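In the numbering used here, the protein residues as written are 4 to 253.
Structure first, then comments.
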Amino acid sequence: MSDIHTEHPLTRRTVLVAGATGGIGEGMTRALLQQGARVVATGRNDKRLAGLASYVEGAGPGELITQVVDVGDADTPGVRERLTPFGLLDGVVITIGDWGSPERTGILDTTSDEWQRMITANLTSHFHALRTLTPLLAEDGALVHLSGFSAEIPYPFAALVGATNAAKKSLVRSLTAELDGAGPRVYELVIGPIRTRPRAAMGADSSRWFSAEDLGRHAGRLIAGEGPDTAAPLQYLLTREHGVRTTPPQ
Ligand SMILES: NC(=O)c1ccc[n+]([C@@H]2O[C@H](COP(=O)([O-])OP(=O)(O)OC[C@H]3O[C@@H](n4cnc5c(N)ncnc54)[C@H](OP(=O)(O)O)[C@@H]3O)[C@@H](O)[C@H]2O)c1
Numbered sequence: 004m005s006d007i008h009t010e011h012p013l014t015r016r017t018v019l020v021a022g023a024t025g026g027i028g029e030g031m032t033r034a035l036l037q038q039g040a041r042v043v044a045t046g047r048n049d050k051r052l053a054g055l056a057s058y059v060e061g062a063g064p065g066e067l068i069t070q071v072v073d074v075g076d077a078d079t080p081g082v083r084e085r086l087t088p089f090g091l092l093d094g095v096v097i098t099i100g101d102w103g104s105p106e107r108t109g110i111l112d113t114t115s116d117e118w119q120r121m122i123t124a125n126l127t128s129h130f131h132a133l134r135t136l137t138p139l140l141a142e143d144g145a146l147v148h149l150s151g152f153s154a155e156i157p158y159p160f161a162a163l164v165g166a167t168n169a170a171k172k173s174l175v176r177s178l179t180a181e182l183d184g185a186g187p188r189v190y191e192l193v194i195g196p197i198r199t200r201p202r203a204a205m206g207a208d209s210s211r212w213f214s215a216e217d218l219g220r221h222a223g224r225l226i227a228g229e230g231p232d233t234a235a236p237l238q239y240l241l242t243r244e245h246g247v248r249t250t251p252p253q
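Written out as structure tokens, the structure reads:
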């Protein structure tokens with residue numbers, strides 16, 4: 004007989020996915036449901052959440068609960084309760100983000116407004132999400148946060164994406180150090196390009212890339228505390244060929 008905890012390591016665990024309506028979020032949600040989790044999927048738009056629910060329908064054995072809520076809005080009465088319908092969380096996945104304008108612009112041509120917009124959308128939002136969600140985790144729970152590899156390399160004509168990724172990564176690394184082993188585990192996953200439905204629809208796809216579901220299975224194992232990677236708070240998942248590493252591949 005198979006061991007339910009190996010096959011479905013998240014059985015009886017609740018995992019909140021912030022940004023579940025996104026390309027990565029929907030794939031991660033599907034993988035977490037397949038691993039048996041009760042998934043609280045959040046997004047700010049009810050139509051997109053309804054689309055997510057139909058995309059992951061039947062992906063169980065886990066159970067999906069959708070909540071239209073802004074995870075950065077912790078000070079609004081009732082938000083914390085809506086994020087924890089079953090009590091403290093066993094896992095949190097933060098996969099919110101903003102790619103900025105599709106028209107790529109050099110630093111010297113970037114307006115103050117666009118700078119401010121990206122700082123708000125792709126950095127302040129993560130600060131608020133971390134501040135809201137970390138205290139909602141059980142002491143033996145785990146938070147998984149994603150940043151792009153543009154945090155570490157020059158990213159010409161998309162410098163604000165790179166700069167906000169670098170700052171997001173720094174925030175999460177500092178949070179890990181501040182917790183200093185007390186309370187939930189915190190993982191920063193620095194990712195390369197990921198196979199998602201929206202990216203594929205735009206013609207960007209490669210079998211060398213990890214898929215959103217791969218990330219979800221990996222996050223599920225981290226949350227369940229299974230496997231050798233659970234001891235590494237900083238991980239690089241750039242391509243399948245490189246696998247999971249604790250330092251960037253040269
Ligand atoms: N896909 C990739 O290949 C790749 C590679 C490297 C890094 N990343 C990073 O991974 C993250 C997710 O990527 P993705 O491709 O899934 O992006 P996506 O498809 O654009 O989805 C992002 C989701 O984040 C939510 N969101 C956006 N701004 C928010 C805010 N200010 N507050 C709360 N939620 C917000 C949106 O949900 P609602 O509007 O429905 O609330 C949206 O569905 C991003 O940070 C991205 O930079 C992705």
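Virtual Cβ for every residue (Gly too), placed ideally from N, Cα, C.
As the structure is a prediction and not an experimental result, all values here were calculated from the model.
With a threshold of 16 other CB atoms inside 10 Å of the CB of residue i, please say whether the residue is buried or exposed.
i      : result
ILE226 : buried
GLN119 : exposed
LYS171 : buried
ASP93  : buried
ARG188 : buried
ILE97  : buried
SER5   : In this prediction, SER5 scores a pLDDT of 39, lower than 50, which makes its location untrustworthy; the coordinate-derived value is nonetheless stated afterwards. Answer is exposed; the Cβ neighbour count stays below 16.
GLY230 : exposed
GLY39  : buried
ALA185 : exposed
MET205 : exposed
ARG16  : buried
ASN48  : exposed
ALA234 : exposed
Sorry if obvious, but does the Cβ on residue i come closer than 6 Å to a heavy atom of ligand 1?
i      : result
ALA128 : A quick correction: the sequence has Ser, not Ala, at residue 128. Checking every heavy atom of ligand 1 against the Cβ of SER128, one is found closer than 6 Å.
THR137 : no
ASP183 : no
ILE27  : yes
ARG47  : yes
PRO196 : yes
LEU174 : no
ARG51  : yes
THR113 : no
ASP101 : yes
THR24  : yes
GLY206 : no
ALA56  : no
GLY151 : yes
Could you please give the first and the last residue of the uninterrupted alpha helix (DSSP H) stretch that includes residue i?
i      : result
SER215 : Looking at the sequence itself, residue 215 is Ala, so the reference to Ser does not match. Where ALA215 is concerned, the enclosing alpha helix (DSSP H) stretches over 215 to 227.
ILE27  : 26 to 37
GLN119 : 115 to 122
VAL74  : VAL74 -> no alpha helix (DSSP H), and no H or E assigned at all.
ARG41  : Segment 41 to 46 is the beta strand (DSSP E) holding ARG41; no alpha helix (DSSP H) there.
LEU86  : 82 to 86
ARG202 : 200 to 204
Between which two residues does the beta strand (DSSP E) containing residue i stretch?
i      : result
GLN257 : Residue coverage of the chain in this structure runs from 4 to 253, which leaves residue 257 outside it and unanswerable.
GLY54  : Not the beta strand (DSSP E): GLY54 falls in the alpha helix (DSSP H), residues 49 to 59.
VAL189 : 188 to 194
LEU2   : Past the boundaries of the shown model lies residue 2; the chain is included only from 4 to 253, so the question cannot be answered.
Closest Cβ-Cβ distance between residue i and chain D: below 7 Å?
i     : result
THR17 : As a matter of chain content, chain D is missing from the structure shown, which is built from one protein chain.
query: Just checking, does the region 181 to 197 make contact with the region 232 to 248 on the three C-beta pairs under 8 Å criterion?
result: yes
message: Assess contact between the region 109 to 118 and the region 55 to 73, defined as three or more Cβ pairs (one per stretch) separated by less than 8 Å. Is contact present?
response: They do not touch, by the three-pair rule.
- request: Determine, using beta-carbon pairs with one atom in the region 212 to 228 and one in the region 78 to 86, whether at least three such pairs fall under 8 Å.
  value: No contact exists between the region 212 to 228 and the region 78 to 86.
field: Complete runs of the beta strand (DSSP E) confined to the region 132 to 172 [at least 3 residues]
entry: 140 to 151
query: On the three-pair Cβ rule with 8 Å, is the region 47 to 63 touching the region 132 to 146?
result: no
query: Per the contact definition of three or more C-beta pairs closer than 8 Å, is the region 158 to 165 in contact with the region 199 to 210?
result: no
message: Under 8 Å: do the region 143 to 150 and the region 120 to 127 share three or more Cβ pairs, one atom per stretch?
response: Taking 8 Å as the limit for Cβ pairs, the verdict is that the region 120 to 127 does not touch the region 143 to 150.
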